[in-house]
Amino acid sequence: MRRRSWAALLWGLLLGLCLWPGVLPPLLAPLAGGEAPTLDVPLWRLTAGHLGLVLLAGALVLLLAVPLVLYATRPGRAAVLGLVGALAGLGQTVPTLAILALAVPLLGFGPAPTLLGLVLYGLVPVVSNGVAGLRGVSPDVLDAARGMGMTARQRLWRVEVPLALPVWWAGVRTSLVFGVATATVGAALGAGGLGRPIIDGLSQQNTALVLLGALPTALLALTLDALLGLAAPEEG
Amino acid sequence: MIELQGLTKSYGDTAAAAVRDLSLTFPAGRVTALLGPSGCGKTTTLRMINRLIQPTSGTVRLAGRDTRELSPEALRRGMGYVIQRVGLFPHLTVGRNVAAVPELLGWPAARVRARVDELLGLVGLEPGVYRGKRPAELSGGQAQRVGVARALAADPPVLLMDEPFGALDPLAREALQGKVLEIQRRLAKTVVLVTHDIPEALRMADQIALMQSGELAQFGSPDDLVRRPASAFVAQFMGQDAALEQLGGVRVGALARPGDAHGLPRLPAEADARTALALMLRQGTDAVAVVGEGGAVVGVARFRDLGHDPRSGDA
Numbered sequence: 001m002r003r004r005s006w007a008a009l010l011w012g013l014l015l016g017l018c019l020w021p022g023v024l025p026p027l028l029a030p031l032a033g034g035e036a037p038t039l040d041v042p043l044w045r046l047t048a049g050h051l052g053l054v055l056l057a058g059a060l061v062l063l064l065a066v067p068l069v070l071y072a073t074r075p076g077r078a079a080v081l082g083l084v085g086a087l088a089g090l091g092q093t094v095p096t097l098a099i100l101a102l103a104v105p106l107l108g109f110g111p112a113p114t115l116l117g118l119v120l121y122g123l124v125p126v127v128s129n130g131v132a133g134l135r136g137v138s139p140d141v142l143d144a145a146r147g148m149g150m151t152a153r154q155r156l157w158r159v160e161v162p163l164a165l166p167v168w169w170a171g172v173r174t175s176l177v178f179g180v181a182t183a184t185v186g187a188a189l190g191a192g193g194l195g196r197p198i199i200d201g202l203s204q205q206n207t208a209l210v211l212l213g214a215l216p217t218a219l220l221a222l223t224l225d226a227l228l229g230l231a232a233p234e235e236g
Numbered sequence: 001m002i003e004l005q006g007l008t009k010s011y012g013d014t015a016a017a018a019v020r021d022l023s024l025t026f027p028a029g030r031v032t033a034l035l036g037p038s039g040c041g042k043t044t045t046l047r048m049i050n051r052l053i054q055p056t057s058g059t060v061r062l063a064g065r066d067t068r069e070l071s072p073e074a075l076r077r078g079m080g081y082v083i084q085r086v087g088l089f090p091h092l093t094v095g096r097n098v099a100a101v102p103e104l105l106g107w108p109a110a111r112v113r114a115r116v117d118e119l120l121g122l123v124g125l126e127p128g129v130y131r132g133k134r135p136a137e138l139s140g141g142q143a144q145r146v147g148v149a150r151a152l153a154a155d156p157p158v159l160l161m162d163e164p165f166g167a168l169d170p171l172a173r174e175a176l177q178g179k180v181l182e183i184q185r186r187l188a189k190t191v192v193l194v195t196h197d198i199p200e201a202l203r204m205a206d207q208i209a210l211m212q213s214g215e216l217a218q219f220g221s222p223d224d225l226v227r228r229p230a231s232a233f234v235a236q237f238m239g240q241d242a243a244l245e246q247l248g249g250v251r252v253g254a255l256a257r258p259g260d261a262h263g264l265p266r267l268p269a270e271a272d273a274r275t276a277l278a279l280m281l282r283q284g285t286d287a288v289a290v291v292g293e294g295g296a297v298v299g300v301a302r303f304r305d306l307g308h309d310p311r312s313g314d315a
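These protein sequence lines map, in sequence, to chains A and B. Quick note: the first sequence uses the UniProt record's numbering, first residue 1, plus one each step. Quick note: the second sequence uses the UniProt record's numbering, first residue 1, plus one each step.
Shown next as structure tokens:
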């Protein structure tokens with residue numbers, strides 16, 4: 001695989017530039033009749049909070065998805081595997097906003113409902129790619145591993161997981177990058193982050209303010225995607 | 001030595017058992033072929049030896065010891081296992097593939113490294129060239145050579161081979177069969193070879209167990225099966241091979257080529273090729289010396305040339 005290290009560098013530099021105090025607002029000023037959009041919190045703090053929420057959700061996703069995938073793909077668990085597949089499919093069809101809105105009465109305003117939404121959505125690609133990766137391991141390879149005397153545990157960690165990892169990692173990457181975008185919606189529920197200027201800008205019909213949140217969000221997603229691509233395990 | 005006693009595997013219905021009441025001894029240091037048509041239970045039998053399949057009843061003894069006394073993993077680490085589709089680990093180098101069982105057994109790294117190079121050399125792959133390659137970079141024949149090296153890595157006394165040459169093209173198959181025979185002459189493993197290919201069984205095996213519908217049809221030397229079939233099924237199965245049948249109409253003289261006839265059994269040029277095959281099987285050679293009218297050697301007829309009918313010009 002070609003390692004696109006230039007992408008991580010480029011998007012990272014652009015993101016850094018946008019977050020530098022006093023750089024982005026004057027550039028957007030022409031869109032707001034010459035008046036630079038202002039924020040009560042520095043842009044870099046909104047970004048840090050945004051990324052923190054996404055990464056926290058990502059960690060929770062991994063904590064839930066890894067054992068779930070490993071459990072469901074062991075031999076003789078076809079029923080569990082079917083259930084997991086059905087739930088993952090269902091997860092994809094329910095709108096983000098619906099989950100977030102339903103979570104508010106339970107968890108109240110603040111970052112908690114957004115975190116719940118991010119975890120539920122983030123689970124889908126990680127679980128389905130994990131299952132696909134593990135089920136894609138050749139039966140001949142597994143037969144050879146068993147026939148040479150590997151225990152079930154050795155087969156899992158020495159053969160199955162390494163072979164499933166490229167596909168699985170792609171799922172983690174999708175999950176986190178989507179999380180960056182999804183987390184903006186959470187600002188409506190008090191989660192803060194880069195969604196704040198977007199939502200404020202929409203209500204004030206201020207395009208400059210919208211872009212003040214949207215540009216760093218896009219650059220954050222691109223940077224994260226490029227970095228995760230660099231860290232991807234090699235294809236077997 | 002591997003002894004099967006009353007070995008049975010049935011899936012639900014006992015009348016249609018995959019293997020039924022099979023008793024058979026695989027002699028130590030010899031190649032025994034499990035031969036038969038597809039569905040005869042030969043692979044099931046092989047997989048019961050290393051307990052990839054649990055027998056419904058009966059016992060498997062390895063060197064006199066019931067294999068159920070060992071954990072399946074410990075048992076399998078003492079038996080090399082080669083399968084038709086090879087099953088190399090695609091994420092590991094050739095060297096790490098060969099090192100797999102020694103690593104499971106916890107050998108020190110230096111010993112594993114030396115062993116990997118020794119085995120790659122043994123199967124005819126230059127260690128310096130192949131050690132670091134990925135399985136995806138190998139041809140089918142090379143991959144199966146690595147498969148054989150991997151199976152032999154921890155020097156197990158037993159080698160189980162399930163159609164090991166079945167996926168190879170004729171040239172690679174011929175070469176690897178020869179290589180395995182050469183290795184076997186040096187290492188004298190107890191080899192169980194599953195095959196449906198009659199010429200392969202005749203060439204490779206010291207003993208052949210011919211199976212039919214989960215039962216033993218005949219157990220004997222290749223010569224026994226060809227010349228003294230125990231039943232109509234055996235005669236028909238061994239005779240169904242067109243090449244073998246054809247050999248009866250080919251003169252050895254037509255197959256003779258220049259070569260070193262030293263130490264080979266001698267046969268007059270007028271004899272048919274089927275007799276030549278029987279002679280090779282009995283004497284354990286790969287060729288016979290062809291003797292002309294005056295009693296002088298006119299050439300050598302080789303096993304690998306038997307398959308080509310000289311009359312068809314396909315030589």
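Virtual Cβ for every residue (Gly too), placed ideally from N, Cα, C. Note that the structure is a prediction, hence the values are computed from the model and not measured.
Between the CA atoms of residue j and residue i - distance to the nearest angstrom
| i | j | result |
| --- | --- | --- |
| Pro108 of chain B | Ala114 of chain B | 10 Å |
| Ala32 of chain A | Val177 of chain A | 30 Å |
| Leu277 of chain B | Leu225 of chain B | 13 Å |
| Ser312 of chain B | Arg158 of chain A | Any answer about Ser312 of chain B is weak, because its pLDDT of 46 lies below 50 and its placement is not dependable; what the coordinates show is given next. Answer to the nearest angstrom: the Cα atoms are 52 Å apart. |
| Pro30 of chain A | Val23 of chain A | 14 Å |
| Leu220 of chain A | Pro125 of chain A | 20 Å |
| Val127 of chain A | Leu115 of chain A | 18 Å |
| Ser23 of chain B | Gln5 of chain B | 4 Å |
| Val129 of chain B | Arg77 of chain B | 28 Å |
| Ile53 of chain B | Thr67 of chain B | 13 Å |
| Pro139 of chain A | Thr73 of chain A | 14 Å |
| Gly110 of chain A | Ala59 of chain A | 19 Å |
| Leu75 of chain B | Glu3 of chain B | 15 Å |
| Gly236 of chain A | Leu87 of chain A | Low confidence applies to Gly236 of chain A: its pLDDT is 48, below 50, so where it sits in the model is not reliable, and the reading given next is rough at best. Their Cα atoms are separated by approximately 29 Å. |
| Gln92 of chain A | Leu189 of chain A | 21 Å |
| Gly149 of chain A | Val98 of chain B | 14 Å |
| Ser231 of chain B | Ala217 of chain B | 8 Å |
| residue 354 of chain B | Met280 of chain B | Within the shown structure, residues of chain B are numbered from 1 to 315, placing residue 354 of chain B beyond reach of any answer. |
| Val172 of chain A | Ala132 of chain A | 13 Å |
| Gly284 of chain B | Val192 of chain B | 18 Å |
| Val161 of chain A | Val180 of chain B | 33 Å |
| Thr182 of chain A | Thr96 of chain A | 8 Å |
| Ala315 of chain B | Gly239 of chain B | For Ala315 of chain B, the predicted structure reports a pLDDT of 34, less than 50, and the residue's modelled location is therefore unreliable. A value from the coordinates is still provided. Each residue's Cα considered, the two are about 23 Å apart. |
| Arg251 of chain B | Pro222 of chain B | 21 Å |
| Arg85 of chain B | Ala154 of chain B | 21 Å |
| Gly299 of chain B | Val158 of chain B | 38 Å |
Under 8 Å by beta carbon: chain A residues contacting residue i
| i | result |
| --- | --- |
| Val101 of chain B | Met148, Gly149 |
| Glu73 of chain B | Gly149, Met150, Thr151 |
| Tyr11 of chain B | Within 8 Å Cβ-Cβ: nothing; Tyr11 of chain B doesn't reach chain A, min ~16 Å. |
| Arg76 of chain B | Arg146, Gly147, Met148, Gly149 |
| Leu104 of chain B | Met148, Gly149, Met150, Gln154 |
| Tyr81 of chain B | Ala144, Gly147, Met148 |
Partner residues on chain B for residue i, Cβ-Cβ distance less than 8 Å
| i | result |
| --- | --- |
| Val141 of chain A | Gly87, Leu88, Phe89, Pro90 |
Interface residues of chain A facing residue i [CB-CB closer than 7 Å]
| i | result |
| --- | --- |
| Leu52 of chain B | Arg146, Gly147 |
One or two residues paired with residue i in a DSSP bridge
| i | result |
| --- | --- |
| Gly220 of chain B | B:Ile208 |
| Glu215 of chain B | B:Gln212 |
| Phe26 of chain B | B:Ile2 |
| Pro268 of chain B | B:Val291 |
| Met79 of chain B | B:Val158 |
| Leu35 of chain B | B:Thr195, B:Leu210 |
| Ala180 of chain B | Rather than Ala, the amino acid found at residue 180 of chain B in this sequence is Val. For Val180 of chain B, which the question treats as bridged, DSSP gives no partner whatsoever. |
| Arg145 of chain B | Paired residue(s): none; Arg145 of chain B is not in a bridge. |
| Thr59 of chain B | B:Gln5 |
| Gly299 of chain B | B:Val290 |
Distance cut-off 7 Å: residue i Cβ against heavy atoms of the ligand GDP
| i | result |
| --- | --- |
| Arg227 of chain B | The model depicted lacks the ligand GDP and carries no ligand whatsoever. |
| task | With 9 Å as the C-beta to C-beta threshold (strictly closer), list the residues of the region 84-95 of chain B near chain A in chain order. | result | Gln84, Arg85, Val86, Gly87, Leu88, Phe89, Pro90, His91, Leu92
| request: Name, going along the chain, the residues of the region 157-168 of chain A whose beta-carbon falls closer than 7 Å to a beta-carbon of chain B. | output: Val159, Pro162, Leu163
| request: Decide yes or no for the touch test of the region 124-136 of chain B against the region 80-97 of chain B: beta carbon pairs closer than 8 Å, at least 3 of them. | output: yes
| field | Touch test, the region 203-216 of chain A against the region 105-121 of chain A, Cβ-Cβ under 8 Å, three pairs minimum | value | no
| With contact counted as at least three CB pairs below 8 Å, one residue from each stretch, are the region 116-125 of chain B and the region 142-151 of chain B in contact? | yes
| Is the region 284-294 of chain B close to the region 257-276 of chain B, with three or more CB pairs under 8 Å? | The region 284-294 of chain B vs the region 257-276 of chain B: in contact.
| Does the pairing of the region 169-183 of chain B with the region 40-60 of chain B give three or more beta-carbon distances under 8 Å? | no
| query | Does the region 37-47 of chain A come within contact of the region 211-220 of chain A, defined as at least 3 CB pairs closer than 8 Å? | reply | yes
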